[in-house]
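Take the sequence shown: its position 194, counted from the start at 1, is 251 in the numbering used here, and no numbers get skipped.
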Amino acid sequence: MITPVLPSYARFDLAFERGEGAYLWTTGGERFLDMVAGLAVNGLGHAHPVLVNALKAQAEKLWHTSNLYRIPGQERLAERLVAASFADTVFFCNSGAEAVECSIKMARIHHHAKGNPERYRLITLEGAFHGRTLAAIAAGGNEKHLNGFGPKVDGFDQVAYGDPAAIAAAIGPQTAGVLLEPVQGEGGVRPASTGYLKALRELCDAHGILLLFDEVQCGMGRTGKLFAHEWSGVTPDIMAVAKAIGGGFPMGLCLATENAAQGMTAGSHASTYGGNPLACAVGNAVLDVMLADGFMDRVVTAGLYLKQQLAMLRDKHPTIIESVNGEGLMIGIRMKVLNTDMVKALLGEKMLSAAAGDNQVRLLPPLNITDAEMGEAIAAIDRACAKLGAAS
């Protein structure tokens, strides 16, 4: 018999009823250290007072009006995002998949508006993850995600990761652009090199096509810059953002240059809930915290500390940990045992983590995690590695 909640998730038998900072408490009162932050969503931890107060204040005034009317909080948030990024304009939606869908549509209609409707295909990379809509799973190209959902949505040409020559070879008269994550997440924590991103920017410029970044997971401070691509100095034409911009409140964004947004006129795209007063009150509060002096510097320092400590654990447990990689507080631990076994072992140590591709365990803690909390995480990983080693 099917459960009332559609059984499309393989859930752990855990239910949490409250959170504070980097901790969650189950309905039974057990405390867990949250080193996954809702898959990079709770970028400021749980129940951050600035976010809570912003949401409460807005909830007492106005929840929703739709985008038939101006939304002052949305306009303010858009202005702040434009000022802090490469973009000239922002579309508001509710999730990462929606932000990616908007990006795809924008790339297509851009070329249509310029008189090149044949340019509708996007080049994507092996190991990518762009969401779970039909177009997003086609862009990601993972057979596990595509299986059973009928013909794959046309318009995506996948090539090997990290090879500019493969991108160049795939560009043809129907190519609209290149879509990639500056740091891959679900496919394994793999940062794209500065040289690679620069090569893609040059290819796109040379062929008159668009460069699209998916920063749903790696954006919003996760790497120690507001957006991960900032480390390279390379800017996209279109970028999808979500997760941490809402700090736990559903929000997605599609940021674009004025040139890229050609064709996105009234009626071309819409979202009923996107950028409503509640979401934008929280989004503005997130920016208040993340854009404060010293915040990003602290993310960089914390990320370096955590990676250094994990490298020491790799040396201590060479039969368990193969390598440590990532940027800022987006860290992947490549395992020599099954990554799912490590995730389960960490649960036994009252710590949350997440599996990823390439047999990695992801750590995506709150960006304001303390040294003491990182120390707890290292100790938990140390104990888990010891137990896995003793069992092998």
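Just so you know, even glycine gets a beta-carbon here, dropped at the ideal spot from N, CA and C. Bear in mind that the values here come from a model prediction, so they are computed numbers and not experimental data.
Next item on the list: Measure the alpha-carbon distance for Thr232 versus Leu179 and round it to whole angstroms.
Entry: 6 angstroms
Checklist line | Rounded C-alpha distance that separates Val139 from Arg133 | finding: 10 angstroms
Check: Smallest Cα separation from Lys113: which of Arg127, Leu335, Leu421, Ser123?
Finding: Leu335
Item checked: Simplified DSSP state of Glu117, which is helix, strand or coil -> coil
Note to self: What does the alpha-carbon distance come out to for the pair Gly2 and Asn151?
What the structure shows: Outside the shown range of the chain, which is 58 to 449, sits residue 2, and nothing can be said about it.
Notebook entry, point to check: Rounded C-beta distance between Val147 and Leu312? I'm assuming under 8 angstroms.
Noted result: 5 angstroms
Notebook entry, point to check: Phe352: which of Glu117, Ile161, Leu283 sits nearest, CA to CA?
Noted result: Leu283
Check: Mapping DSSP to helix, strand and coil, what is His103?
Finding: strand
Next item on the list: State the CB to CB distance for the pair Val356 and Gly278, rounded to an integer number of angstroms; the pair is presumed to be in contact (CB under 8 angstroms).
Entry: 6 angstroms
Next item on the list: Report whether the distance from the Cβ of Gly78 to the nearest heavy atom of the ligand HEM is below 6 angstroms.
Entry: The ligand HEM is not part of this structure, which contains no ligands at all.
Checklist line | For Asp70, three-class secondary structure by DSSP | finding: coil
Check: Starting from Met399 and walking both ways along the alpha helix (DSSP H), at which residues does that stretch end?
Finding: 396-405
Next item on the list: Just the C-alpha distance for Ala144 and Leu236, rounded to the nearest angstrom, thanks.
Entry: 17 angstroms
Item checked: Beta-carbon contacts of Ser410 that lie in its chain and below 7 angstroms, excluding the five residues immediately before and after -> Met92, Val93, Val400, Leu403, Val418, Arg419, Leu420
Next item on the list: Kindly give me the distance between the Cβ atoms of Val246 and Asn382, rounded to whole angstroms, as I take these residues to be in contact under 8 angstroms.
Entry: 6 angstroms
Check: Given 8 angstroms as the limit, is there contact between the segment 254-261 and the segment 335-345, that is, 3 or more CB pairs closer than that?
Finding: no
Check: Are the CB atoms of Gly95 and Leu424 nearer to each other than 7 angstroms?
Finding: no
Notebook entry, point to check: What is the DSSP secondary structure of Ile377, counted as helix, strand or coil?
Noted result: coil
Notebook entry, point to check: Mapping DSSP to helix, strand and coil, what is Ala144?
Noted result: coil
Check: Which of helix, strand or coil does DSSP assign to Thr232?
Finding: strand
Margin query: Using CA atoms only, rank isn't needed, just tell me which of Ala79, Gly78, Glu74 is closest to Gly86.
Written below: Glu74
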